[in-house]
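**Student:**
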Amino acid sequence: MNNCKLIIGASGQIGTELTVHLRQIYGNSSVIASDIKESETLMKSGTFELLDATDKDAIRNIIEKYDISEVYLMAAMLSVTAEKYPKKAWDLNMNSLLHILELAKDGVIKKVFWPSSIAVFGNSTPHVNTPQKTIMEPTTVYGISKLAGERWCAYYKSKYNVDVRSLRYPGIISWKTKPGGGTTDYAVEIYHKALSEGEYSCFLTENTRLPMMYMDDAVAATENLMNADLPDTYTSYNIAAINFTPHEIAKSIQKHIPNFKISYSPDFRQQIAESWPESIDDSQAKKDWNWQHKFSLEEMTITMLNNLK
Ligand code: SER
6 MNNCKLIIGA
16 SGQIGTELTV
26 HLRQIYGNSS
36 VIASDIKESE
46 TLMKSGTFEL
56 LDATDKDAIR
66 NIIEKYDISE
76 VYLMAAMLSV
86 TAEKYPKKAW
96 DLNMNSLLHI
106 LELAKDGVIK
116 KVFWPSSIAV
126 FGNSTPHVNT
136 PQKTIMEPTT
146 VYGISKLAGE
156 RWCAYYKSKY
166 NVDVRSLRYP
176 GIISWKTKPG
186 GGTTDYAVEI
196 YHKALSEGEY
206 SCFLTENTRL
216 PMMYMDDAVA
226 ATENLMNADL
236 PDTYTSYNIA
246 AINFTPHEIA
256 KSIQKHIPNF
266 KISYSPDFRQ
276 QIAESWPESI
286 DDSQAKKDWN
296 WQHKFSLEEM
306 TITMLNNLK
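Each residue of the sequence shown is one higher than the one before, starting from 6 at the first, in the working numbering.
1) Which partner residues does PRO184 have in the DSSP bridge list?
2) Could you check the C-alpha separation between TYR165 and VAL117 for me, to the nearest Å?
3) With ALA38 as the anchor, note down where its beta strand (DSSP E) starts and where it stops.
4) Quick one: Cα of THR135 to Cα of LYS70, how far?
5) Look up GLU54 in the DSSP assignment and say whether it is helix, strand or coil.
6) Heavy atom of the ligand SER less than 8 Å from the Cβ of VAL85, yes or no?
7) Does DSSP put LYS10 in a helix, a strand or coil?
8) Go through its chain and collect everything with a Cβ distance to SER257's Cβ below 7 Å, but skip five positions before and after it.
9) Using CA atoms only, rank isn't needed, just tell me which of LEU209, LEU172, GLU253, MET231 is closest to ASP272.
10) Assuming GLU88 contacts VAL125 (C-beta within less than 8 Å), just tell me the rounded distance between them.
11) Assuming the contact rule is C-beta atoms closer than 8 Å, ASP222 and HIS298 should be a hit. Round their C-beta distance to whole Å, please.
12) Check each candidate in GLU228, ASP286, ILE105, LYS291 and name the one with the smallest Cα separation from LYS162.
13) Between which residues of its own chain and MET141 is the CB-CB distance below 8 Å, once the five residues before and five after are set aside?
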């Protein structure tokens, strides 16, 4: 058995760095990257296939061609774009997952990673230290698709014994590949603008607190979860790292760029942000697979500014 891994949606923000990381650990030839758009970085370091995540036959062909045993399904339409194209977002986010779960049920693949999100929570969820198990009434198309996805994962796990693992990622911050179409994207844009223009106009209000995480922590969490010997309780775990407001991230940038200015002109994204938690209780992840983040806001700011310079 070859034991290859396939990353679907590898050219995206998390997909790119997850692929690079897994190639470093398991070898370039053991990690196949795929996406509807090409990635120069990934094409240089290993095999890359153009793949539409909603095309079940194409996915199956690639899985058979490379003897894939593990799939990381990173393709998704994020919160802001999904509000513009609700039907398209639902089709992409749901059908891609159901295709992969079916292939796992049929024994074609052995293990699945599927990212969930803090977007599964809604206005009625306790916003501070949001528990693993709580009220979930998401108001965005993206959140609805992620909550439905979580339930599908749990269903395939209990009914068909599918090994599917999932994390509720907070906003992910990184410098290598830009995010696209998310509400938490401001926390990446702000670093780019601080360096290129010395100022940033934020689409959220200054005190909007959201859970966030530096990319290295997100990639480590994914790898650790996939290798852990897990109890049977949860398929989708809360994970936390840092949380901050636009005002606080601006302050941390000003320590390094004293003249950096931030202004606020909140738009429709404010409402999405307000429906999400401010902070996350990840004690279950800590208990079940020893999850622990590394990057603080300050360390992240230094890393972001140094690399983007
Ligand atoms: N980063 C995502 C978004 O903002 C949340 O999972 O849509």
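Note that beta-carbon positions come from the ideal geometry of N, C-alpha and C, so glycine has one too.
**Tutor:** Quick answer:
1) Paired residue(s): none; PRO184 is not in a bridge.
2) 13 Å
3) 36-40
4) Distance from the CA atom of THR135 to the CA atom of LYS70, rounded to whole angstroms, is 43 Å.
5) strand
6) yes
7) Residue state, collapsed to three classes: strand.
8) Around SER257: LEU302, GLU303, THR306.
9) It is LEU209 whose Cα lies nearest to the Cα of ASP272.
10) Contact doesn't hold; Cβ gap of about 16 Å is too wide.
11) 4 Å
12) Nearest C-alpha to LYS162: ILE105.
13) VAL125, PHE126, GLY127, THR130, LEU152
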